[in-house]
Amino acid sequence: MLVLASASPRRAMLLEAEGFSFIRVEADVSEVLPQGISPESAVKGLALRKAQAGLNRWLNHGGSREDIILGADTIVVLNQRILGKPRDEEEAEAMLTALSGQTHHVYTGVALINGAGRQECGAVCTAVFFRSLTHEEILEYIATGEPVDKAGAYGIQGLGGHLVDHYEGSLSNVIGLPMEYVKERLSVWGMGLGDIALHEVKDGLPSVKGST
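Residues in the sequence shown are numbered consecutively from 1, following full-length UniProt numbering.
The structure is reproduced here in structure tokens:
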């Protein structure tokens, strides 16, 4: 059984698109990062904390210790500066202005753990090249509301894709989950595509959400 420790609709979408069936649980953790931490260490550490929180929640609801918990975290890095989710439109404008005409890197950490003591954590990096944007383009994009909940203030899978000239590496990594890496690691753990019903844990009770 695969358990996604994330409330991100984009990560769920990526898993569903690849044919994976899974159960989803929330994993609320502090995302405050220590000063000077490397991007790779940051995403790996946060992914592991999310997976551990998801595992605890899953076991508390009667889940098996053999089930695989997947945690992930994504950050945008420009000139060694980590860009999180903008707090408001002003911060989104500042981020997009900084990204304009520049190359930045998107890191996603992926952690896999189970209740039997097995765990691993890795990270994937994609280089993204932004077009040179006019101030009007930036304001028009912010007005769509899309930047609000996204690291770096853009979503490459949505309207934000028009801001990007090209990228090198995994596109799904930029969206939030590097599926090439995830599929390879899950196969090592003995997890392939399945036909298990998709669930979501809410208020302490698993409820059927649908199926792939």
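Cβ coordinates follow ideal geometry from the N, Cα and C atoms, glycine included. Quick caveat: nothing in here was measured; it's all calculated off a predicted structure.
Checklist line | alpha helix (DSSP H) runs contained entirely in the stretch 113-164, provided each spans 4 or more residues | finding: With a minimum length of 4 residues, the continuous alpha helix (DSSP H) runs that stay inside the stretch 113-164 are 135-143.
Notebook entry, point to check: If you draw a straight line from the C-alpha of residue 122 to the C-alpha of residue 27, how long is it?
Noted result: Between the alpha carbons of residue 122 and residue 27 lies a distance of about 19 Å.
Checklist line | Among 119, 166, 74 and 117, the one whose alpha carbon lies nearest that of residue 103 | finding: Looking at the Cα atoms, 166 is the closest of the given residues.
Next item on the list: Select from 39, 179 and 145 the residue whose C-alpha is nearest the C-alpha of residue 16.
Entry: Relative to the Cα of residue 16, the nearest Cα in the group 39, 179 and 145 belongs to 179.
Notebook entry, point to check: What span of residues does the beta strand (DSSP E) with residue 10 cover, start to end?
Noted result: Run containing residue 10: none in the beta strand (DSSP E); it sits in the alpha helix (DSSP H), 9-17.
Notebook entry, point to check: Using 8 Å as the Cβ pair cut-off and three pairs as the minimum, do the stretch 104-114 and the stretch 64-76 touch?
Noted result: Enough Cβ pairs lie closer than 8 Å, so yes.
Checklist line | Paired residues, beta bridge with residue 68 - DSSP | finding: Looking at the DSSP assignment, residue 68 forms a beta bridge with 2.
Item checked: Secondary structure of residue 175, DSSP reduced to three states -> In this structure, residue 175 counts as helix in the three-state DSSP scheme.
Note to self: Can you tell me whether residue 185 is helix, strand or coil according to DSSP?
What the structure shows: Residue 185 falls in the helix class under three-state DSSP.
Margin query: Assuming contact is defined by CB atoms lying nearer than 8 Å, are residue 163 and residue 185 in contact in what I supplied?
Written below: Contact check for residue 163 against residue 185 fails: the beta carbons are separated by 8 Å or more.
Margin query: Need the endpoints of the beta strand (DSSP E) that residue 25 sits in, please.
Written below: In the DSSP assignment, residue 25 falls within the beta strand (DSSP E) that extends over 23-25.
Check: If residue 7 and residue 66 are in contact, beta carbons under 8 Å, what's the gap, nearest whole angstrom?
Finding: Wrong, their Cβ atoms sit about 24 Å apart, outside the cutoff.
Item checked: Three CB pairs or more closer than 8 Å across the stretch 83-93 and the stretch 46-65 -> When C-beta atoms of the stretch 83-93 are compared with those of the stretch 46-65, fewer than three pairs fall below 8 Å, so the two segments do not count as touching.
Item checked: N- and C-terminal bounds of the alpha helix (DSSP H) containing residue 81 -> Element bounds for residue 81: not the alpha helix (DSSP H) but the beta strand (DSSP E), 81-83.
Margin query: Excluding the 5 residues flanking residue 176 on each side, which residues of the same chain have their C-beta closer than 8 Å to its C-beta?
Written below: Here the set comprises 8, 10, 11, 14, 72, 74 and 108.
Checklist line | DSSP beta-bridge partners of residue 75 | finding: Bridge partners of residue 75 according to DSSP: 107.
Checklist line | residue 138 to residue 172 span [Cα, whole Å] | finding: Each residue's alpha carbon lies about 24 Å from the other.
Check: How big is the Cα-Cα spacing for residue 38 and residue 1?
Finding: Approximately 32 Å, taken between the alpha carbons.
Item checked: Spatially closest choice to residue 54 from 98, 33 and 23, by CA coordinates -> It is 23.
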